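>
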Ligand code: BES
Ligand code: MN
Ligand code: ZN
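In the working numbering, the protein residues as written are 313 to 810.
1. Figure out for me which residue from 559, 568, 391 has the closest Cα to the Cα of residue 334.
2. Please report the straight-line C-alpha distance between residue 591 and residue 569, rounded to a whole angstrom.
3. Taking 8 Å as the limit between beta carbons, can you name the residues of its chain near residue 393, skipping five residues before and five after?
4. Please look up how many angstroms separate the CB atoms of residue 492 and residue 795, rounded, as I've assumed it's under 8 Å.
5. Would you grab the beta carbon distance between residue 623 and residue 571 for me? Rounded to a whole angstrom, and I think it's under 8 Å.
6. Would you say residue 643 and residue 583 are within 8 Å of each other, going by their C-beta atoms?
7. Should residue 700 be labelled buried (16 or more other beta-carbon atoms within 10 Å of its own) or exposed?
8. Going by the CB atoms, is the gap between residue 465 and residue 416 shorter than 8 Å?
9. Going by beta-carbon coordinates alone, are residue 630 and residue 766 separated by less than 8 Å?
10. For residue 553 versus residue 606, is the C-beta spacing smaller than 8 Å?
11. Is it buried or exposed for residue 455, if we count other Cβ within 10 angstroms and need 16 for buried?
12. Which residues in the same chain as residue 744 place their Cβ atom closer than 6 Å to its Cβ, once the five residues preceding and following it in sequence are excluded?
13. For residue 316, collect the residues of the same chain with a Cβ closer than 6 Å to its Cβ; drop the 5 residues on either side in sequence, then sort them by chain order.
14. Can you give me the C-alpha to C-alpha distance between residue 676 and residue 762, rounded to a whole angstrom?
15. Give me, in chain order, the residues of the same chain whose beta-carbon lies closer than 7 Å to that of residue 411; leave out the 5 immediate sequence neighbours on both sides.
16. Based on the DSSP secondary-structure assignment, which residues constitute the bridge partners of residue 775?
17. In terms of residue numbering, what span does the alpha helix (DSSP H) encompassing residue 360 cover?
18. The beta strand (DSSP E) with residue 421 in it runs from where to where?
19. Helix, strand or coil for residue 314 per DSSP?
20. Assuming residue 762 is part of the beta strand (DSSP E), what are its boundary residues?
21. Can you tell me whether residue 599 sits near the ligand BES, meaning its C-beta is under 7 Å from at least one heavy atom of the ligand?
22. For the segment 314-328 against the segment 375-384, are there 3 or more C-beta pairs whose distance is under 8 Å?
23. Could you name the residues whose beta carbon sits closer than 5 Å to any heavy atom belonging to the ligand BES, keeping them in chain order?
24. What would DSSP say about residue 810, mapped onto helix, strand or coil?
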């Protein structure tokens with residue numbers, strides 16, 4: 313999406329549509345005040361008459377007004393003045409975009425940027441605006457036959473500046489946000505694609521293509537024979553029931569010479585039927601989203617390579633299906649992980665940890681500064697945190713805080729959960745070094761404890777995105793989370809923020 317900046321009065325901008333707002337009680341936003349005085353008080357009068365709603369999420373489009381250059385003035389309801397924060401700002405923009413998406417309007421100028429939004433800056437206000445628009449305009453109609461009706465004419469967004477000096481911040485925000493929107497669209501597409509299309513091989517091809525498009529990026533795809541040679545028998549035990557070949561995707565980005573890399577590991581189960589510990593049928597289709605961890609780390613890699621951030625980043629994606637069959641792993645089977653630790657597979661549906669543990673062990677070869685795995689790992693996480701926050705579990709409190717703060721800044725929040733010995737001991741096995749499950753209660757934490765046994769002496773965090781990676785019901789679809797959180801984390805490490 314193209315952009316422009318403007319520091320002049322709202323009334324003087326020649327644009328198709330300027331976005332202004334009004335708070336509950338009729339208090340006009342900054343640009344609305346200007347439009348109001350340009351029109352001799354018309355705006356305030358219409359609010360008083362009740363023609364313009366002030367409640368958050370509503371908006372009113374006014375055609376050409378005397379004294380105002382723009383062809384239209386969109387007045388967004390902003391709700392209570394003292395409650396106007398980041399999410400209210402984003403909601404107002406989403407409503408404005410929804411109002412113009414079926415029109416032929418080609419450009420909008422966002423004057424809501426001038427409002428005083430608690431705890432933010434022009435950089436973030438511009439970034440959230442582009443990200444919100446990207447999210448509102450996203451459609452997945454690749455699999456529909458017939459004429460695709462994406463026909464969206466919006467091509468350009470304007471950012472109103474309080475002072476000219478903010479233009480640099482806004483330019484940077486626009487560059488970052490464009491990359492984030494593209495990354496999130498990739499993550500969403502991969503998640504939304506059906507499991508008969510988005511197979512492990514499809515994910516691998518996507519990673520190879522990304523490397524072809526970015527000179528600073530390399531991709532290597534390991535096949536089952538190579539995975540076996542590495543000793544990843546825990547990973548391979550999950551693919552036993554499937555006829556789609558498993559892949560280990562390894563991506564490498566070098567943006568600086570000196571510096572140990574950050575490694576992102578993503579769970580890439582392209583369909584999780586549970587294996588012999590078969591899942592119930594209701595809603596099982598949603599287990600196509602069990603590769604959203606993989607999609608989000610691949611998308612983050614694409615963003616980092618696009619922005620050419622001065623950091624080193626590796627991505628490791630173990631990917632396969634988890635299906636039942638005569639050749640599938642049985643509950644009770646014992647497998648040996650790449651680390652040499654033996655695992656009793658008490659439940660074949662706890663497969664994510666079985667593929668991730670070998671990928672985490674593999675990550676050691678990069679001598680990482682930090683390793684973060686991202687996974688739709690447990691239903692228990694959804695019970696704990698619902699669909700609003702990603703669970704953050706780590707063996708390092710500073711890393712937990714870094715991720716938590718990044719989530720807040722990126723408006724893609726996480727929440728810390730503990731990793732502790734009391735939980736870890738639930739993994740006891742009578743026959744192997746340990747089992748792949750603990751008790752049902754606290755299941756997100758015992759899953760993290762399992763992974764923690766493979767990340768000793770590494771600075772590591774685990775993000776459980778089971779509740780945040782996709783939406784169910786009428787709005788079923790990928791969210792692209794936690795791409796914003798991960799990107800923010802890396803932008804901070806790259807010192808690429810204003
Ligand atoms: N992919 C699922 C986790 C999941 C379930 C995410 C539902 C989102 C919604 C994972 O592989 C799984 O099946 N986990 C089991 C673990 C259990 C067997 C210990 C679970 O959460 O039920
Ligand atoms: Mn499972
Ligand atoms: Zn799974």
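From the three backbone atoms N, C-alpha and C, an ideal C-beta is built for every residue, glycine too. Note that the structure is a prediction, hence the values are computed from the model and not measured.
A quick look at the data gives this:
1. 391
2. 47 Å
3. Answer for residue 393: 335, 336, 337, 339, listed in chain order.
4. 7 Å
5. 7 Å
6. no
7. Exposed, by the Cβ-count rule.
8. yes
9. Contact flag unset, no.
10. no
11. exposed
12. 646, 654, 655, 656
13. Closer than 6 Å at Cβ, skipping near neighbours: 470.
14. 17 Å
15. 371, 373, 386
16. 686, 704
17. 354-361
18. 419-422
19. Here residue 314 sits in strand by DSSP.
20. Counting along the chain, residue 762 falls outside any beta strand (DSSP E), though it belongs to the alpha helix (DSSP H) covering 755-764.
21. yes
22. A contact between stretches requires three or more CB pairs, one per stretch, nearer than 8 Å, and the segment 314-328 meets this requirement with the segment 375-384.
23. 584, 602, 659, 661, 662, 664, 688, 690, 691, 749, 778
24. coil
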